[in-house]
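*Asks:*
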Amino acid sequence: MAKPAPAEDAAALRRRLRRSLAAVAAGGAAADVYDEAAAALEALREAELGTGGRKGGGDGEGRRLAAEGGEENGAVPVPPQFLCPISSRIMSDPVIVASGQTYDRRSIEEWFSAGKQLCPQTQQALLDTTLIPNHLIRSMILQWCTENRFNLPQVEHQEENDVTDSDQRTFDEIFKRITSSQKSTEMRQAIKDLRLITKQNSNFRAVLGERPDSISQMIFARSTPGLQNDPQVLEDMVTIILNFSLHDSNKKVIGDDPEAIPFLIWALKSGDMGSRGNSAAAIFTLSALDSNKEKIGELGAMGPLVDLLDNGNIIAKKDAASAIFNLCLLHENKSRATKNGIVDVAMRAIDDHLLVDGSLAILALLSSNHEVVEMITEFDGIACMLRAIRESECSRSKENAVVVLFAICMFNRTKLKEVEADEKVNGSLALLAQSGTSRARRKAVGILEKMKRNMHNRHSSC
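So the sequence shown is numbered by UniProt numbering: it starts at 1 and just counts up by one.
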């Protein structure tokens, strides 16, 4: 087949591709129709993107434009769910507002500062303007940026490391009440005060760098009679560690503290739901450092995190999913997650339509392992992934589902017939090959090509 002329024939290539995909979706297509679809898609990619898959040299300016939501001159388009609905730029610090919508922190803070109290998307009145970090979306954005060689914009509200004398004095005064008071009521109140100030004053968090042994001292203070079995004290202490961990320079300080991570894991196992959820959130933020990922995994966090994903409330489940995903970016933690039943829990979460996006992200991350893929297959993984491709409104979830489906077809080629039967009815892969993310398109085309070869081999053997 003659190769079509480049850019000037792009419109014709699109028409060819649509005709071929329509024939595939209708069912009963011959092998040459699959050939035509694959050839048209490859020619269109060559015509529009050029050799190597991108127009231009892929320099930093092109990436910057794409990160701002444009598709200028071949920059890889950012998945729409990673863009702030207010600024249309990629979110460097995604946060959730009371309506459940996610925005970039700077954009929504400016929105509120302008006196606007309605959610920009839902127009719901927001009586509570508390902003909750969306850890899962942040992790997914970081992974996407890594895969596509994007430089994620710096978080613009990052705290300075300068600690004022006033902050040090305030910390010392509160901490003296925690560690030196003889009255449990006074200690309890001091712990509450520290939780509040570390939540409200981001600059104050830098004081931990000047007092690196403070976390251990606070944990030891919990053994005081009257505090040891108080669930509120446990939740307050866990949340103090979480608040301190939000300051980047504190992540190593807390990770190096011999008591901090074991205490968080203990709270993750033994605390009430508030303590367990905040422990998972703290583990997530600490796991930004690879050295902490390793410690957290070695000290046994994966089991209770998987249990929390399975049995927690929806907020705790989200925190657990974020932590598991981040920890599994370290290879050694993937096997720990698998041994602790993450496949079973994630597949059930998808079937129950709970935390579908987070569960698919975790499974896609683990799908390079043959054992994991076999386990997914045993849980009716093909039907589950095809349903996610058809029904999910999130392009990233469609991508993760087809990544898992591709792995299943790679490891067990006998499953191609099941995929082929579904494709004849629904045409999901053909559509994804045309309209999905760049990674989703590659995986969908790969499966379609395997189906085409499989069909050709069957015809040849007849």
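The beta-carbon is built from N, C-alpha and C at its ideal position, and this holds for glycine as well.
All values derive from a computational prediction rather than experimental measurement.
In terms of residue numbering, what span does the alpha helix (DSSP H) encompassing proline 120 cover?
*Replies:* Taking the first residue of the sequence shown as position 1, residue 120 is located at position 120. Where proline 120 is concerned, there is no enclosing alpha helix (DSSP H), given that its DSSP letter is neither H nor E.
*Asks:* What does the Cβ neighbour count give for aspartate 319, buried or exposed, with the cut at 16 atoms within 10 Å?
*Replies:* Here residue 319 refers to the residue found at position 319 of the sequence shown. With 16 or more other Cβ atoms within 10 Å, it is buried.
*Asks:* Whose C-beta lies closer than 7 Å to the C-beta of arginine 138 among residues of the same chain, with five residues either side of it excluded?
*Replies:* Position 138 of the sequence shown, counted from the first residue, corresponds to residue 138. If we look at arginine 138 and ignore the five residues flanking it on each side, its Cβ neighbours are Pro94.
*Asks:* Just how far apart, CA to CA, sit isoleucine 174 and glutamate 110?
*Replies:* Counted from its first residue, the sequence shown places residue 174 at position 174. Counted from its first residue, the sequence shown places residue 110 at position 110. Cα-Cα distance, rounded: 33 Å.
*Asks:* Which residues mark the beginning and the end of the alpha helix (DSSP H) in which threonine 285 is found?
*Replies:* In the sequence shown, counting from the first residue as 1, residue 285 sits at position 285. Residues 273 to 286.
*Asks:* Give me whichever residues DSSP pairs with aspartate 104 in a beta bridge.
*Replies:* The residue given as residue 104 occupies position 104 in the sequence shown. Partner(s): Pro94.
*Asks:* Can you find the residues in the same chain that come closer than 7 Å, C-beta to C-beta, to isoleucine 265, ignoring five residues on each side of it along the sequence?
*Replies:* Position 265 of the sequence shown, counted from the start, is the residue given in the question as residue 265. The answer, listed in chain order, is Leu299, Gly300, Ala301, Pro304.
*Asks:* Quick check: the Cα distance between valine 403 and aspartate 357, rounded to an integer number of angstroms?
*Replies:* In the sequence shown, residue 403 corresponds to position 403, counting from 1. In the sequence shown, residue 357 corresponds to position 357, counting from 1. The alpha-carbon atoms of valine 403 and aspartate 357 are separated by roughly 13 Å.
*Asks:* Quick one: residues in its chain with C-beta nearer than 8 Å to the C-beta of valine 306, no 5 flanking neighbours on either side, listed in chain order?
*Replies:* Taking the sequence shown and counting its residues from 1, one reaches residue 306 at position 306. Excluding residues within five positions, the ones whose Cβ falls inside 8 Å are Ala320, Ile324, Ala337, Asn340, Gly341, Ile342, Val345.
*Asks:* Can you check which of these residues, Asp351, Leu354, Ala407, is closest to leucine 366 by C-alpha distance?
*Replies:* Indexing the sequence shown from 1 puts residue 366 at position 366. Measuring from the Cα of leucine 366, the nearest candidate turns out to be Ala407.
*Asks:* Based on Cα-Cα distance, which residue from Ser99, Ser87, Lys176, Trp144 lies nearest to arginine 211?
*Replies:* Along the sequence shown, read from residue 1 onward, the residue named residue 211 stands at position 211. Checking every option, the nearest Cα to that of arginine 211 belongs to Lys176.
*Asks:* Might you give, ordered along the chain, the residues of its own chain that have their beta carbon closer than 7 Å to the beta carbon of glycine 226, omitting 5 neighbours on each side?
*Replies:* Walking along the sequence shown from the start, residue 226 turns up at place 226. For glycine 226, where only same-chain residues beyond five positions count, the Cβ hits under 7 Å are Ser184.
*Asks:* I need the DSSP call for leucine 330, collapsed to helix, strand or coil.
*Replies:* Counting from 1 along the sequence shown, the entry for residue 330 is found at position 330. Three-state DSSP puts leucine 330 in coil, outside helix and strand.
*Asks:* Find out if the Cβ-Cβ distance for the pair leucine 386, leucine 405 is shorter than 8 Å.
*Replies:* Position 386 of the sequence shown, counting from 1, holds the residue named residue 386. Position 405 of the sequence shown, counting from 1, holds the residue named residue 405. Yes, the pair counts as a contact, with Cβ atoms nearer than the cut-off.
*Asks:* Helix, strand or coil for leucine 234 per DSSP?
*Replies:* Numbered from 1 along the sequence shown, position 234 holds the residue referred to as residue 234. If DSSP states are grouped into helix, strand and coil, leucine 234 belongs with the helices.
*Asks:* Starting from alanine 401, trace the alpha helix (DSSP H) in both directions and tell me its first and last residue.
*Replies:* Indexing the sequence shown from 1 puts residue 401 at position 401. From DSSP, the alpha helix (DSSP H) with alanine 401 extends over 395 to 411.
*Asks:* Tell me the residue span of the alpha helix (DSSP H) that contains leucine 227.
*Replies:* Taking the sequence shown and counting its residues from 1, the one referred to as residue 227 is at position 227. Premise fails: leucine 227 is in no alpha helix (DSSP H) and is neither H nor E.
*Asks:* Within 10 angstroms of its Cβ, does serine 368 collect 16 or more other Cβ (buried), or is it exposed?
*Replies:* In the sequence shown, residue 368 corresponds to position 368, counting from 1. By the neighbour-count rule (16 or more Cβ atoms within 10 Å), serine 368 is not buried but exposed.
*Asks:* What does DSSP give as the partner residues of proline 133 in its beta bridges?
*Replies:* The residue labelled residue 133 in the question sits at position 133 within the sequence shown. Per DSSP, Val95.
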